[in-house]
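Student: Line by line, the protein sequences give chains A and B. Going letter by letter, the first sequence gives residues 224 to 426 in the numbering used here. Going letter by letter, the second sequence gives residues 272 to 476 in the numbering used here. Glycine is no exception: its CB is placed at the ideal position from the N, C-alpha and C atoms.
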Amino acid sequence: MKLKTAFFLIVCALMFRGGATASAQSYTEYKFIFTGTAYQTNAAGKIVGTPITDQTLLASRAIPGGISDLSTVAIVYHIGGDTNDVEPGDTVDIIYTNSPNALTTEFNLWFGSNAGNGRTAVTNAAQSEVWRADYIYTLNNSLYTFQNDDSIGLCITHKVNVTPTNGFANTSITGEMSWGIAPQGTNGPIVVKGTFKLGQPMF
Amino acid sequence: MKMTKSVVIIFAICLLSRFSAMGQAYVAYKFIFNGTAYQTNGAGVIVATPITDQTLLQSQAQRLGITNLSTISLVYHVNGGPPYGDTVDVISNANSQTLTTEFGLYFGSAYIGQNSSLGRYAVTNLAQTEQRRVDQVYTFSNTPYTYANSESLGGAFTCKRFLGDSNGNTNALIDGTLFWDALPTQGNAGPLLCTGRFTLGQPVF
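(1) Could you confirm whether any beta carbon from chain B is found closer than 8 Å to the beta carbon of Lys416 (chain A)?
(2) If you run the structure through DSSP and keep just helix, strand and coil, what is Thr338 (chain B)?
(3) Please state whether DSSP places Ser294 (chain A) in a helix, a strand or coil.
(4) Please report how far the alpha carbon of Ser367 (chain B) lies from the alpha carbon of Gln329 (chain B), in whole angstroms.
(5) Quick one: is Thr409 (chain A) near chain B, going by C-beta distance under 8 Å?
(6) On the premise that Ile302 (chain A) lies in contact with Val385 (chain A), defined as a C-beta separation below 8 Å, what is that separation, rounded to the nearest angstrom?
(7) Just the chain A side, please: which residues come within less than 8 Å of Gln457 (chain B) by C-beta, in chain order?
(8) With a threshold of 8 Å between beta carbons, is Trp402 (chain A) in contact with chain B?
(9) Could you spell out the range, first to last residue, of the alpha helix (DSSP H) harbouring Ala356 (chain A)?
(10) In chain A, what lies closer than 9 Å to Val359 (chain B) by C-beta?
(11) Say whether chain B places a C-beta atom closer than 8 Å to the C-beta of Asp373 (chain A).
(12) Any beta-carbon of chain B closer than 8 Å to the one on Tyr367 (chain A)?
(13) Let me check understanding here. Comparing Cα to Cα, which of B:Gly379, B:Asn350, B:Leu389, B:Ile337 lies closest to Asn364 (chain B)?
(14) Any beta carbon from chain A within less than 8 Å of Pro415 (chain B)'s own beta carbon?
(15) Hey, is Pro412 (chain A)'s beta-carbon within less than 8 Å of any beta-carbon in chain B?
(16) Report the option in B:Gly384, B:Phe378, B:Ile383 whose CA atom is closest to the CA atom of Ala393 (chain B).
(17) Could you check whether the region 314–326 of chain A touches the region 288–306 of chain A, counting it as contact only if at least three pairs of C-beta atoms, one from each stretch, sit closer than 8 Å?
(18) Are any of the Cβ atoms in chain A nearer than 8 Å to that of Asp446 (chain B)?
(19) Hey, is the region 393–405 of chain A in contact with the region 412–423 of chain B, meaning 3+ C-beta pairs nearer than 8 Å?
(20) Quick check on the DSSP output: what are the complete alpha helix (DSSP H) runs of length 4 or more inside the region 376–464 of chain B, in order along the chain?
(21) Tell me the residue span of the alpha helix (DSSP H) that contains Leu280 (chain A).
(22) Going by C-alpha distance, which of B:Arg404, B:Asn440, B:Asn459, B:Gln473 is nearest Leu377 (chain A)?
(23) Tell me which residues share the same chain as Gln407 (chain A) and place their Cβ nearer than 7 Å to its Cβ, disregarding the 5 neighbours each side in the sequence.
(24) Just to confirm the assignment, what range does the beta strand (DSSP E) spanning Pro424 (chain A) have?
(25) Pick helix, strand or coil for Gln295 (chain B), following the three-state DSSP scheme.
(26) Pick from A:Asn371, A:Gly339, A:Ile396: whose alpha carbon is nearest that of Thr418 (chain A)?
(27) Determine the direct distance from the alpha carbon of Val316 (chain B) to that of Ala348 (chain A), and round the result to whole angstroms.
(28) Hey, would you say Leu464 (chain B) sits closer than 8 Å to Val415 (chain A), going by beta carbons?
(29) May I ask you to list, following chain order, the residues of the region 420–435 of chain B that have a beta carbon less than 7 Å from some beta carbon of chain A?
(30) For a contact meaning CB atoms closer than 7 Å, what does Leu389 (chain B) contact in chain A?
(31) Pull the bridge partners of Gln333 (chain B) from the DSSP assignment, please.
(32) Helix or strand or just coil, what does DSSP make of Asn410 (chain A)?
(33) Here's a check: name, in chain order, each residue in its chain whose Cβ is nearer than 6 Å to the Cβ of Asn265 (chain A), leaving out the five neighbours to either side.
(34) Can you check which of these residues, B:Leu335, B:Phe411, B:Tyr355, B:Phe469, is closest to Gln385 (chain B) by C-alpha distance?
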């Protein structure tokens, strides 16, 4: 009887430990779900708005990079994707679906709470909710990005449960972003506005 | 003689009114704003408070020592901050004088006299009557909703349309989204982030 009880307790302990570990898994990369409109002046001189999505952005980076099968890559929101700057920030990266490493970075979201620039985020006492206005930087040329030293747009972001107060459960990041792109090749300037949210956790 | 003088006066009035009707291009319009201010309360919880253009006007009036809000207006001023861009100003209704600037919407595209490119571009139609742009938001004074800072504190996505009417007037239709943050100051206990939408009301001057 004692042996049975001990065995039962051990099984319970193992189950509890396993369950607790699973609920505390901390994802830092989630599919980036974007819906927006790209504004551009057409050949007739009129401004036209073209709907774009995360898949448009993904294709604009993957296909020129020689990746034609978009199912092998993903565009992800990477919490703390940049750690090497004056102010660490999140990034939106292109990755292979089987690896967390960034093939390239679509957006860097920087300086939204940099005290040196007089900027601040609004955070609750539990550190589980944040509102912030970040500056969008793009560091290389593609249809919807271009290499520039200064920010090319802004992003207002609402984060819930991003800090590990509850093991990252129910993490939500939503936002609205707008940015402008310099003329490249035969393309005139483009201005994009849209909203984003997180999709499935990846890594 | 009296008759001739009257005719001249009437003709002059007609001429002036015709010129006024033909060439009027308004540059300032009432600024209509609806938004939300997010701030952490004493219990440590982020609370959302609705704000409007009147909230912003009130906060500037308080700083300026003006108690009668009917004597001032919050206006969107096209090219109010040359050469950088448009502004949102508090003006006197008596003489349209700018009393203070609430927002500078700057650097969304190249400006005259710019030494080096910031790499920012607006999209404009060929007829130069329509534009989409992303501007940086600057605030210049400490109020419950703004913070005096040399760097930008937010952004605005703006759609501008300029339409001529049959009288030759040029009217601006401008709307957009706007967000900015503010560090704590004496009138603002904790960090604040505001977001909302704006449009233009009646032309002012």
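Tutor: According to the structure shown:
(1) So yes, Lys416 (chain A) belongs to the interface.
(2) Reduced to three states, the DSSP call for Thr338 (chain B) is coil.
(3) In the structure shown, the three-state DSSP call for Ser294 (chain A) is helix.
(4) If you take the alpha carbons of Ser367 (chain B) and Gln329 (chain B), they lie about 18 Å apart.
(5) Output row for Thr409 (chain A): interface = no.
(6) Confirmed, about 6 Å.
(7) In chain A, no part has a C-beta under 8 Å from the C-beta of Gln457 (chain B); the shortest such distance is about 16 Å.
(8) Closer than 8 Å: yes.
(9) No alpha helix (DSSP H) contains Ala356 (chain A), which is instead part of the beta strand (DSSP E) from 352–360.
(10) Result: empty, since nearest Cβ-Cβ is about 17 Å, beyond 9 Å.
(11) Yes, because at least one Cβ of chain B sits closer than 8 Å to the Cβ of Asp373 (chain A).
(12) Answer no: the Cβ-Cβ gap between Tyr367 (chain A) and chain B never drops below 8 Å.
(13) Of the listed residues, the one whose Cα sits closest to Asn364 (chain B) is B:Ile337.
(14) Interface criterion not met: the Cβ of Pro415 (chain B) is under 8 Å from no Cβ in chain A.
(15) Yes, Pro412 (chain A) lies at the interface with chain B (some Cβ there is under 8 Å from its Cβ).
(16) The option with the nearest alpha carbon to Ala393 (chain B) is B:Phe378.
(17) Yes, since at least three Cβ pairs between the region 314–326 of chain A and the region 288–306 of chain A fall closer than 8 Å, the two stretches touch.
(18) No, Asp446 (chain B) does not count as interfacial toward chain A.
(19) By the Cβ test, the region 393–405 of chain A is not in contact with the region 412–423 of chain B, since fewer than three Cβ pairs between them sit closer than 8 Å.
(20) Listed in chain order, nothing qualifies, since the region 376–464 of chain B has no complete alpha helix (DSSP H) run of 4 or more residues.
(21) If you look at Leu280 (chain A), you'll find it in the alpha helix (DSSP H) that goes 277–285.
(22) It is B:Arg404.
(23) Correct list, in chain order: Asn364, Phe369.
(24) Unbroken beta strand (DSSP E) run through Pro424 (chain A): 413–424.
(25) If DSSP states are grouped into helix, strand and coil, Gln295 (chain B) belongs with coil.
(26) For Thr418 (chain A), the nearest C-alpha among the options comes from A:Ile396.
(27) Straight-line Cα distance between these residues: approximately 7 Å.
(28) Cβ atoms of Leu464 (chain B) and Val415 (chain A): not closer than 8 Å.
(29) From the region 420–435 of chain B, only Asn420, Glu422, Leu424, Gly425, Gly426, Phe428 have a Cβ closer than 7 Å to chain A.
(30) Residues of chain A whose Cβ lies closer than 7 Å to the Cβ of Leu389 (chain B) are, in chain order, Asp373.
(31) Answer is none; Gln333 (chain B) lacks a bridge partner.
(32) It is a strand residue.
(33) Hits under 6 Å: Val271.
(34) Per the Cα distances, B:Tyr355.
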